[in-house]
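A short write-up of the structure that comes next.
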Ligand code: FCB
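Numbering (the numbering used here), first residue to last: 622 to 1090.
Now the structure itself:
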């Protein structure tokens, strides 16, 4: 009964005033409309149409049709009770060849979208590069070519002048490590290359591209009052045992995954241990030119934290110069339907460690979520209680990290919508909103209501007992 003061107060933990409560998507994963309004092809259009690249054979041709349905999707986001939306601009929509002419219809699409957010009191967090490189740039070398960073600077400048009056938070690059690793070392993502030296070169040029964008933001006179940062795929590391060798393996792998990207941006240098390993394997890193590290570290206002799970590693002497191996340490542990361990405690450790190692740098959780494939029941409801519990436990970790001094200013759940999950296709569902791909019908999942209750209260809430699953 409302107003009954005898009722126990809900177990709540408040978040800081003005905390951003958001959900994330990226252009290629949701937009569809790949040939409309002058959009050029990206490397993901080409890659997803090649045989055997995508589980189940899907492409982003239609995806969630967000290009046309964004007003409805923003209504859903606002209706949930969220106040922020992280989305990405498709470079080939606004500059189809990746250099030269801009496409007015693409530019005005995002203009309308941003206005639609502001009308709904939704703060836009705009990612400039979430993996959809225009093909003409790939055909000139892609991110392995230094010139691509220069082109990115020009594209970023155009976005700042088009939207900088309304957008205050910019993510220049999404997950440089994943682009390097899956796109260029293992060949599992576009452009599907397998070459370690190329992968390391690409990683550097992605960071340099951030530097070029940060400089363009300053040059546009938007330096004050705006933030620009990089969203990283961060994995906290745990050694497989208490041995000194495993501790060293965990430290080494942390260099490969985390420090290699964080240190240049925030400390102005590549970590020595990892640099030596790369040089041993691939030769001198002579693509790092004088002045690059100054440009990369000139300005990075926040750490975008994409956190999904941890890595447990063991020493592997035969794997020199990368003497570690990722192991499955806890077969009995809770997992998402993608098999990823659910470890909120590692999320807490990560946020606190970032605050310790990069003091004073704000943090925004730009992605966190899990695959739970619950479908609508006979009554049409999606009772994804496991996702609600996941959200609760990870937000509890965020709240504790904030208490311990981590300057976290927002949390964006991955994802607003079930969508095209890259090489995993359409079978893995990360959304707060269920999408029936045959009809494009959207259904709010129970977890959306739960997450919305936290956002609306700006305080952690208990998961309702009837949350399902
Ligand atoms: C991240 C990506 C995002 C999504 C999630 C599950 O690596 O940034 O686009 O695919 O993983």
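Ideal Cβ positions, reconstructed from N, Cα and C, are used throughout, including at glycine.
{"Check": "DSSP beta-bridge partners of residue 744", "Outcome": "705"}
{"Check": "From 1065, 945, 798, 899, residue whose alpha carbon lies closest to that of residue 1002", "Outcome": "1065"}
{"Check": "Buried versus exposed, by CB contacts within 10 Å (16 or more), residue 1092", "Outcome": "What is shown of the chain runs 622 to 1090, which leaves residue 1092 out entirely."}
{"Check": "Validate contact between the segment 1047 to 1066 and the segment 683 to 695 using beta carbons, cut 8 Å, 3 pairs", "Outcome": "yes"}
{"Check": "Where residue 1083 falls, given that 16 or more other Cβ within 10 Å makes a residue buried", "Outcome": "exposed"}
{"Check": "Beta carbon of residue 1044 nearer than 9 Å to that of residue 810", "Outcome": "yes"}
{"Check": "Residues near residue 739 in its chain [Cβ-Cβ closer than 8 Å; skip 5 each side]", "Outcome": "745, 787"}
{"Check": "Beta-carbon contacts of residue 815 that lie in its chain and below 6 Å, excluding the five residues immediately before and after", "Outcome": "808"}
{"Check": "Where the beta strand (DSSP E) containing residue 928 begins and where it ends", "Outcome": "923 to 928"}
{"Check": "Spatial neighbours of residue 765 in its chain, beta-carbon cut-off 6 Å, leaving aside the 5 residues before and after", "Outcome": "819, 822, 823"}
{"Check": "With 16 other Cβ atoms within 10 Å as the buried cut-off, status of residue 729", "Outcome": "exposed"}
{"Check": "Stretch pair the segment 972 to 981 + the segment 1065 to 1075: three plus CB contacts closer than 8 Å", "Outcome": "no"}
{"Check": "Three-state secondary structure (DSSP) of residue 993", "Outcome": "coil"}
{"Check": "Local conformation of residue 881 per DSSP, three classes", "Outcome": "helix"}
{"Check": "Cβ-based neighbour list, residue 895, same chain, cut-off 7 Å, excluding 5 preceding and 5 following", "Outcome": "876, 877, 880, 881"}
{"Check": "Identity of the residue in 1085, 1049, 1032 nearest residue 640 by Cα", "Outcome": "1032"}
{"Check": "Check whether residue 633 and residue 1010 have beta carbons under 9 Å apart", "Outcome": "no"}
{"Check": "Through-space distance from residue 845 to residue 1023, alpha-carbon basis", "Outcome": "25 Å"}
{"Check": "Simplified DSSP state of residue 823, which is helix, strand or coil", "Outcome": "helix"}
{"Check": "Pair within 9 Å by beta-carbon distance, residue 990 and residue 1041", "Outcome": "no"}
{"Check": "DSSP-derived helix/strand/coil call for residue 663", "Outcome": "strand"}
{"Check": "Beta-carbon spacing of residue 942, residue 898 below 9 Å", "Outcome": "yes"}
{"Check": "For residue 736 and residue 695, the rounded distance between their alpha carbons", "Outcome": "11 Å"}
{"Check": "Three-state secondary structure (DSSP) of residue 1032", "Outcome": "strand"}
{"Check": "As assigned by DSSP and simplified to three states, the class of residue 1038", "Outcome": "strand"}
{"Check": "Reference residue 704; option with closest CA among 913, 759, 743", "Outcome": "743"}
{"Check": "Neighbour-count burial assignment, residue 756, 16 or more Cβ in a 10 Å radius", "Outcome": "buried"}
{"Check": "Proximity test, residue 806 beta-carbon vs the ligand FCB heavy atom, cut-off 8 Å", "Outcome": "no"}
{"Check": "N- and C-terminal bounds of the beta strand (DSSP E) containing residue 852", "Outcome": "848 to 854"}
{"Check": "heavy atom of the ligand FCB below 8 Å from residue 831 C-beta", "Outcome": "no"}
{"Check": "Residue 663: CB within 8 Å of a non-hydrogen atom of the ligand FCB", "Outcome": "no"}
{"Check": "Residue 903 - DSSP class collapsed to helix/strand/coil", "Outcome": "helix"}
{"Check": "Residue 1053 versus 858, 699, 1046, residue with shortest Cα-Cα distance", "Outcome": "699"}
{"Check": "Proximity winner among 1078, 1076, 1063, relative to residue 693 (alpha-carbon distances)", "Outcome": "1063"}
{"Check": "Reduced DSSP category for residue 630 - H, G, I as helix; E, B as strand; rest coil", "Outcome": "In this prediction, residue 630 has a pLDDT of 38, which is less than 50 and means its spatial position is unreliable; what the coordinates show is noted afterwards. Residue state, collapsed to three classes: coil."}
{"Check": "Three-state secondary structure assigned by DSSP to residue 799", "Outcome": "helix"}
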